[in-house]
Structures are given as C-alpha cells and as structure tokens.
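Under my numbering, the first residue of the sequence shown is numbered 412, with each subsequent residue one higher. The next block holds one structure in the form of structure tokens; read it before the comments.
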Amino acid sequence: MHRLILFRHAKTAARAPGGEDIDRALVERGRADAERMGRVLAQAGMAPDLVLLSPAVRARETWTLASPAFPLSRVEIRDELYDATPEEVAHELTKGVASAETVMVVGHNPSLHELAISLLEDSAADPADIERVAAGFPTATAVTFRLDGAGRGRLEALFHVRDQGAGEGRQGEPEVRRLTSIFKILPRAAWEQALSSGCVEGSAADREDGFMHFSTAEQLAETARRHFTGQGDLVVLTVHAEAFGSALRWEPSRDGALFPHLYAPLDVARVVEVQAMDVPRP
Numbered sequence: 412m413h414r415l416i417l418f419r420h421a422k423t424a425a426r427a428p429g430g431e432d433i434d435r436a437l438v439e440r441g442r443a444d445a446e447r448m449g450r451v452l453a454q455a456g457m458a459p460d461l462v463l464l465s466p467a468v469r470a471r472e473t474w475t476l477a478s479p480a481f482p483l484s485r486v487e488i489r490d491e492l493y494d495a496t497p498e499e500v501a502h503e504l505t506k507g508v509a510s511a512e513t514v515m516v517v518g519h520n521p522s523l524h525e526l527a528i529s530l531l532e533d534s535a536a537d538p539a540d541i542e543r544v545a546a547g548f549p550t551a552t553a554v555t556f557r558l559d560g561a562g563r564g565r566l567e568a569l570f571h572v573r574d575q576g577a578g579e580g581r582q583g584e585p586e587v588r589r590l591t592s593i594f595k596i597l598p599r600a601a602w603e604q605a606l607s608s609g610c611v612e613g614s615a616a617d618r619e620d621g622f623m624h625f626s627t628a629e630q631l632a633e634t635a636r637r638h639f640t641g642q643g644d645l646v647v648l649t650v651h652a653e654a655f656g657s658a659l660r661w662e663p664s665r666d667g668a669l670f671p672h673l674y675a676p677l678d679v680a681r682v683v684e685v686q687a688m689d690v691p692r693p
C-alpha cells in the first residue's frame, strides 16, 4: 500500500427509526455529498484498489453513492471498523492490503480524524499540515496520504465539503484543499548524497542564483528538455509547496511564467516521492 484515503461517512439522521446507532441512514444532503465526493476523488486520480468499509448503514450508503466513480474497486466490509479506536483502524490496515496500491477506509469519527492526525505527527509533518487536518473532519471529508516503506504518511490532499446549504461550493462541487506538488530534477548521485547528509544540495545554477529552482507539473517536461537532454540516471523529487511557507516564492522566469523558487535548504524529509527519469536526445 502506497496511498491511504480516509473517508468519513456523509451527513446522517440524528436517530435511526429503530433507535440503533449502527442503523442511522444518510439524509438528503448526505446522499448528495457522498455522490459528489466520490466524483471529486475520482477526478483527482484517487481511485482505491481496495475499500475497507464499516458495516454501519451510513458508511455503506456513503460508499454505495460514491462507488459509481470507482468501478474497479474491490470492497471488504470490516466489522471491526464500527465503533473502532484509531489503533483498531490502523490494525485493519495491516490485514490483506499488501496487493493494493491505494486503500480507502470508509468509516467514522473520531477514529478517522485521530488516525489522520497521528499519521502526520508520527511522520514529523509540517505543523501547518497538522493544523489543517486538526481544524476539523466533518462528514464527507476525505484525506489522502502517500506512505513510505516504513508506513509513515505524508499528507497529499484534503477534500472537504463546506457547510454551504446542500454542501455545494460555488460550482456545485466540494471545496478541495489540495496541496501543490512541485518538482526538482537531480542526478541520482546527488540524491544519494542528500540521503546521507539529510539535505539536498542545489545545482551550480541554484548556487549562482541564490535559490533552488523547481518546476510545476506543467513546466517539468520543458525544464527536462532544456537542461537535461541526453542525461540518464536522473531522479525527480516531489515536494509540497505549502511545506515551505514564505521561503518559497513564485517568480517570473522562462518566458515570463511564474516558477517556484526555494530560498531555504531542502531537507530530505520534505521529499514526498522520488521517481527515476531519463531524458533521451531528440
């Protein structure tokens, strides 16, 4: 498992007809929010291979309404996810998930909220990320993490349905607070050196300019073509722009476009993903 999605069930009735908490169903707003959030997650590329589902009616209805956006997902109802502690939810994530790249848990608060905060704290996440998640985890909220080999979770995105009438944003979709991924191309040897020292050294151009050059996803291919053509054994580092606060500035560069420039050291702990790259000659 390399990605984890924690998805709280959508808004429910205060009481079930029979009086049992496990039988509480979604209200009309909750049904709309569940369907909408499924669509937003799918559009963001957050499709789960495996869904672990609480047996509560409100969780099963949430998944039923979100699931048309994920036709290939496999679903397992886990009784242990109902009325679970964060530790019990984490334990369920150790059972039968090895073959899944992305796992989604559809469950309840406070366990999902507390687990999300715990994952961030255990990975020494940026305090701003912890504060963003800790601020609230209302119904139909989803948070996604990228997991490293040790199971430490890096915040990838927070998907939040705002309390606006029927839960709609200005365009009729949930407001999505998504982190901005930016990218740095390095020779693999430089990355291996950074792993030893704990800090990524900039290129000669970075040192000359006094800041570290990054690219957005849209700018990356042209950066590779201009500066790394014919080079092999490269890596692309992914970091989140929000992790650097005012040390990251968006400034005009190539063709007047705004590029992210980092005026601070790059700690390897800030790197959320490393991918191999070769840039062949045309």
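The C-beta atom is built at its ideal place from N, Cα and C for all residues, glycine as well.
Could you give the residue range of the beta strand (DSSP E) that holds residue i?
i      : result
His672 : 669-673
His651 : 642-651
Asp689 : 684-690
Glu567 : 564-571
Gly560 : Here Gly560 belongs to no beta strand (DSSP E), and DSSP marks it neither H nor E.
Phe625 : Element bounds for Phe625: n/a, residue is neither H nor E.
Phe704 : Coverage of the chain is limited to positions 412 through 693, which leaves residue 704 absent and any answer about it impossible.
Looking at C-alpha atoms only, which residue of the options is the closest neighbour of residue i?
i      : options                        : result
His672 : Val679, Asp689, Gly621, Gln686 : Gly621
Asp689 : Pro676, Phe670, Thr640, His420 : Thr640
Met412 : Arg563, Leu569, Thr649, Ser607 : Arg563
Val650 : Pro676, Met457, Ala509, Gly667 : Pro676
Phe594 : Leu659, Leu558, Gly609, Thr550 : Leu659
His624 : Trp661, Asp666, Leu452, Ala424 : Trp661
Gln642 : Pro598, Pro538, Ala509         : Pro598
Asp666 : Asp537, Ala687, Arg637         : Arg637
Quick check: what's the CA-CA separation for residue i versus residue j?
i      : j      : result
Ala546 : Val462 : 26 Å
Pro459 : Glu619 : 44 Å
Ala561 : Glu446 : 33 Å
Glu629 : Gly430 : 53 Å
Glu633 : Val646 : 16 Å
Leu492 : Val611 : 41 Å
Ser478 : Gly613 : 44 Å
Gly518 : Leu566 : 19 Å
Leu531 : His524 : 11 Å
Asp540 : Ala654 : 8 Å
Ala652 : Arg426 : 43 Å
Met457 : Val486 : 15 Å
Phe548 : Arg419 : 8 Å
Glu503 : Ser484 : 18 Å
Asp444 : Glu472 : 11 Å
Pro521 : Ala421 : 14 Å
Ala616 : Leu648 : 17 Å
Thr505 : Ala511 : 12 Å
Leu417 : Gly656 : 26 Å
Asp434 : Thr475 : 15 Å
Ala644 : Val682 : Sequence check: residue 644 is Asp here, not Ala. The straight-line gap from Cα to Cα measures roughly 18 Å.
Pro497 : Glu542 : 18 Å
Ala600 : Arg442 : 51 Å
Ser592 : Pro482 : 27 Å
Ser626 : Tyr674 : 14 Å
Tell me the residue span of the alpha helix (DSSP H) that contains residue i.
i      : result
Val544 : 538-545
Phe594 : Not the alpha helix (DSSP H): Phe594 falls in the beta strand (DSSP E), residues 592-598.
Phe639 : 628-639
Asp617 : 615-620
Ile528 : 522-533
If residue i and residue j are in contact, beta carbons under 8 Å, what's the gap, nearest whole angstrom?
i      : j      : result
Val679 : Leu606 : 6 Å
Leu415 : Thr555 : 7 Å
Leu464 : Ala455 : Not quite, the Cβ-Cβ distance comes to about 21 Å (not below 8 Å), so this is no contact.
Val516 : Trp602 : So it is not a contact: roughly 32 Å between Cβ atoms.
Val544 : Ile528 : 6 Å
**Request:** Only counting runs of 3 or more residues, tell me where the beta strand (DSSP E) segments fall wholly within the segment 446-507, in order along the chain.
**Result:** 461-464, 485-488
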